[in-house]
Structures are given as C-alpha cells and as structure tokens.
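Residue numbering for the sequence shown follows my numbering, beginning at 193 and increasing consecutively. We put the beta carbon where it would ideally sit given N, CA and C, even for glycine. Only a predicted model underlies this, so the values are computations on that prediction, with no experimental measurement involved. A short worksheet on the structure shown next.
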Amino acid sequence: MNATVEHFESLRGEVRVPGDKSTSHRALMVSALADGESTIRGLSPGRDVAATSQIMEQLGAIRNDRDDVVTIVGPADGLQASNAALDCGNSGTTMRLLSGVVSGVPGEHQLIGDVSLSRRPMDRVAEPLSLMGSRFAGEGARICAPLHIVGTNALRGIDYEVPMASAQVKSAILFAALRATSPTTIVEHVRTRPTTEEMLTRAGVSVASIEGDAGRRVTIQPGRPLARNWQVPGDPSQAAFFAVLGCIHPDADIDVLDIDNARERVGFLGVLQRMGATMTLRSGDSMTSLTVRSSELTATDVHAQEIPSVDEVPVLVVAAAAAEGVSSFRDVGELRVKESNRFEGSLALATKLGCRAWSEGDDLFVEGLGSATRFSTFELDAALDHRMVMASAVAGCAGAGCSIGTADTVASSYPQFFDDLERLA
Ligand code: S3P
C-alpha cells in the first residue's frame, strides 16, 4: 500500500503512543514461561507483538482478552514444541528472543519470517545459543531464516561478551539461561535497554547487573519466572517521531504522554535538546511526558552509544535535515541490519529532502537546510520498514508532502500512526 502525506498547516494536541514494543514482547514471553496466570495492560497493538503472542499460544500458553487487559496462562509443565512453523512475520525481536526461549524447550522448532526478516543476520544469536547447547541451523554464513533449532532441557550456562550493541542478543541468552544447569554471565560494552533483566527480576529470577566504565556485566541464575501483573509504558521510540515532528514543523505544539524513561531509551531527547528543541519534560518514577513546540534546530554530533539500538536515527536524520549546519551520526553501522538497510535508507531520505548527505565507513553526515519549509516533496519506498515509513511521514508532514511505498508496514509497531498524525492537524 502507498500512503500520501500532505503538509499540515498547524499541529496541536496530545498523543498517547502505543505500549512499548520491547516490554510487550517480553511480557508475553515471561508470562508464557511462568506457571499460572499473568495479566498485561497496555500491550502494543502492533503486528510484531501479535506474532509473539500467537507463537506463545502455539507453544502452549493460553491467552484471553478483556477490555485492555490480556491474560496469559503459562502451562504448568512448561512450553512444548509445536509441529507447525513459528511465524515471526517482520519482527526481529520475536525471532531473536524466541530463539533463546525455544533453545530451552526440548524438541524441534522451525522459525520463519517475511522477506525483510529472512535477510537479517541470526548468527549473532546462533553463536551464543549453540555454545549453550542448542542446535541451530539457518541459511548461509549469517544463519538467516528459516531457522531450525533443536532445543534441550540440558543447556549449559556460559560467559559471553556480546560483540555488538544488541538488547535482542542479550535477551535471547537471558531467556535460554533460565533453562541452563548453571549460571550465565553476559558482558555488554554498550549498555543496551535492560528490559529483560528488569522484568525477569520482577518475576522472581535472580539477575545481578554490575555497571562499570567498560559496560555492564549481567549474571543470571537458572529458574522459572513467576506469574505477574504487567503494565506496559508508552513506547519512547514511537514518541521520537512526534518529538521530531513538533520541533521541525513551523507551527506545532504537541504533548506526548507517558513514555518509558529508561535512560537507554530516551537518548533522542538529549540529542534534540542539544539541537535547541523547545521541549518541556515532566518525569515521574518510570514515565515521562513531553511538550514539544516548533524550534529552530542547529546541527549536532550524535554517537550510537547515546541511542543504543539506533532505532531513532532515521527520524533524527530528518531533524538534522531541518537544522542549520552539518550533523554527524557516528558508528551507526547497525542501521544496515534492521528491518531494512536504514543506513542507506536514511541517506536516501535526507538526499530526497534536498540535503547533501554522505557516509564515511559507519558514520553518516547530513547538511541541514535550516528549516523543514525548504524540504522537497519526495517519494520513498520504505522497504517493509515501519520506522522508515514514520520517519518519511514526519518529513512529509512538516515539509512539502510525500508518497511512501509499503506504508502499511507501519502496522508492525504502530497501526494507528496515520490516525494519530491526522488528529494533530
Ligand atoms: C529491541 C532491540 C533493538 C531494537 C528493536 C527492539 C528489543 O534491536 O532495534 O527495535 O526489544 O530488544 P537490537 O538488539 O538489534 O539493537
């Protein structure tokens, strides 16, 4: 499906972004692994999370929905292998975390995905999970889907340094480690979102994190999570689209309500503040709300460590395109292995807006036009990538309009995105 986005004269109002995708996947998995009844409020309505939910049911969990409350009952004798393939759709988080979960479920598991997901490297989870004792096969040197995993209830604990910044890899190991016969220690040099560690701790599993200058060391003891009641906060990575939109649109005043404020997730707010965003934050214990107004942005230097997982880079590139001066995004090579090649996609987007944009190794540079009013109208194929759809829509809405190919992919994470956008107009 193609979407046409027009420039809106002014943007006013508040947005409640969907439940955090990362928390939603994990709430479903932890609940399915537990013995008994858990509840989840505020689950992400996206297709990615629906894929995880469907798979947990295939493996034996029971789901019931009433109003906004999802109830998951984990089977007393644990998850069981399914004869049918486990379809992860477009969702890398589903496939990678699930690889860890099924590594500890005896039997054979077939994991499949769409064209985009089937191109993404799974060697990053195959390596540690194989060291733990699961048998892992996939296509080619990078072990792409379809995956064939033979799980066992005799996994070994490992000591493992995650070679790239990836919460998905860390989480896959943590889920497998629940079923190991000895503790597992994971070292990450870049601190990625601690969602899995925190949720497993709340579910009674013993997880210890030690922070050092060189990163974080997480040690987990084997164990079964306890059933819990989960409340999913708003998704900060979705809030980033409205935060940038509010800054670069010439006449905007937008409130974004109740997003998760884990420091690994809200680095984009610091970037926008440095660029001169007119933004007010109201922070509670674990959630933040923001008000963003039209701003004159100046260029900045962003390092991947500031926004681990680099999910917000495409939309920050749009902010950089509207800013005065040359912005740099350093060490963002991980963008190449997301739902699409976001490294090339972000360069293409900035170029289509009329900017000079270029790369050097894993660094990306954008010379801004000084205002979104100077953006060109453009067409972009989002290549089955929800975040490229939303970043393009932000640029089109603040600038001169655009046409986006494969825009329906937005439903992977945010089915109501275009409705929420129109409501602000
Ligand atoms: C996620 C981790 C990130 C991110 C993805 C969600 C998670 O991926 O891009 O949208 O929930 O763990 P990486 O682990 O590849 O950085």
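Checklist entry - Is R534 near ligand 1, in the sense that its beta carbon is under 7 Å from a heavy atom of that ligand? => result As a first step, residue 534 is located in the sequence shown; it is residue number 342 there, counting from the start. For ligand 1, not one heavy atom lies less than 7 Å from the Cβ of R534.
Checklist entry - Out of A333, R615, N421 and S291, which has the shortest C-alpha to C-alpha gap to R394? => result Against the sequence shown, residue 394 aligns to sequence position 202. For R394, the nearest C-alpha among the options comes from N421.
Item to check | Cutoff 6 Å; reference T483; Cβ partners in own chain excluding five residues on either side | outcome: On the sequence shown, residue 483 is found 291 positions in, with the first residue counted as 1. Cβ within range, chain order: D447 and T472.
Checklist entry - Going straight from the alpha carbon of G266 to that of L220, what length do you get? => result In the sequence shown, counting from the first residue as 1, residue 266 sits at position 74. In the sequence shown, counting from the first residue as 1, residue 220 sits at position 28. The straight-line gap from Cα to Cα measures roughly 10 Å.
Checklist entry - For ligand 1, any of its heavy atoms closer than 7 Å to the Cβ of D503? => result The residue given as residue 503 occupies position 311 in the sequence shown. Result yes, Cβ under 7 Å from ligand 1.
Item to check | Inter-residue Cα distance where the pair is G426 and V261 | outcome: On the sequence shown, residue 426 is found 234 positions in, with the first residue counted as 1. On the sequence shown, residue 261 is found 69 positions in, with the first residue counted as 1. Their backbone Cα atoms lie some 15 Å apart in a straight line.
Checklist entry - Unbroken alpha helix (DSSP H) runs of length 4 or more, entirely within the segment 460-535: which are they? => result 505-514
Checklist entry - If we call anything under 8 Å between Cβ atoms a contact, is A540 one with V518? => result Locating residue 540 in the sequence shown gives position 348, counting from the first residue. Locating residue 518 in the sequence shown gives position 326, counting from the first residue. It is not a contact, given that the beta carbons lie outside the stated cut-off.
Checklist entry - In three-state DSSP terms, what is V207? => result By one-based count along the sequence shown, residue 207 stands at place 15. In the three-state reduction of the DSSP assignment, V207 falls in the strand class.
Item to check | Paired residues, beta bridge with S230 - DSSP | outcome: Counting from 1 along the sequence shown, the entry for residue 230 is found at position 38. S230 pairs with I264.
Next on the checklist: Rounded to whole angstroms, what is the Cα-Cα separation between G270 and E249?
Outcome noted: Here residue 270 refers to the residue found at position 78 of the sequence shown. Here residue 249 refers to the residue found at position 57 of the sequence shown. Answer to the nearest angstrom: the Cα atoms are 12 Å apart.
Item to check | 6 Å Cβ shell around I232 - same chain, five flanking residues per side excluded | outcome: Locating residue 232 in the sequence shown gives position 40, where the first residue counts as 1. So the list reads A219, V262 and W422, once near-sequence residues are dropped.
Item to check | Distance, A564 Cα to D240 Cα | outcome: On the sequence shown, position 48 is the one that residue 240 refers to. On the sequence shown, position 372 is the one that residue 564 refers to. Whole-angstrom Cα-Cα distance: 32 Å.
Item to check | Buried versus exposed call for S475 [16 or more other C-beta atoms within 10 Å across all chains shown] | outcome: Translated into the one-based positions of the sequence shown, residue 475 becomes position 283. Exposed, by the Cβ-count rule.
Checklist entry - Smallest Cα separation from V293: which of F367, A329 and R528? => result Translated into the one-based positions of the sequence shown, residue 293 becomes position 101. The candidate whose alpha carbon is nearest that of V293 is F367.
Checklist entry - At which residues does the beta strand (DSSP E) containing H340 begin and terminate? => result The residue labelled residue 340 in the question sits at position 148 within the sequence shown. Where H340 is concerned, the enclosing beta strand (DSSP E) stretches over C336 to G343.
Checklist entry - Are F200 and C589 touching if we call contact CB-CB under 8 Å? => result Looking up residue 200 in the sequence shown gives position 8. Looking up residue 589 in the sequence shown gives position 397. For the pair F200 and C589, the CB atoms are nearer than the 8 Å cut-off.
Checklist entry - According to DSSP, which residues form a beta bridge with S401? => result On the sequence shown, residue 401 is found 209 positions in, with the first residue counted as 1. According to DSSP, S401 bridges with V410.
Checklist entry - Taking the Cβ atom as the reference point for each residue, do S230 and S236 lie within a distance shorter than 8 Å? => result For the purposes of this step, residue 230 is identified with residue 38 of the sequence shown, where counting begins at 1. For the purposes of this step, residue 236 is identified with residue 44 of the sequence shown, where counting begins at 1. Going by beta carbons, S230 and S236 fall outside the 8 Å limit.
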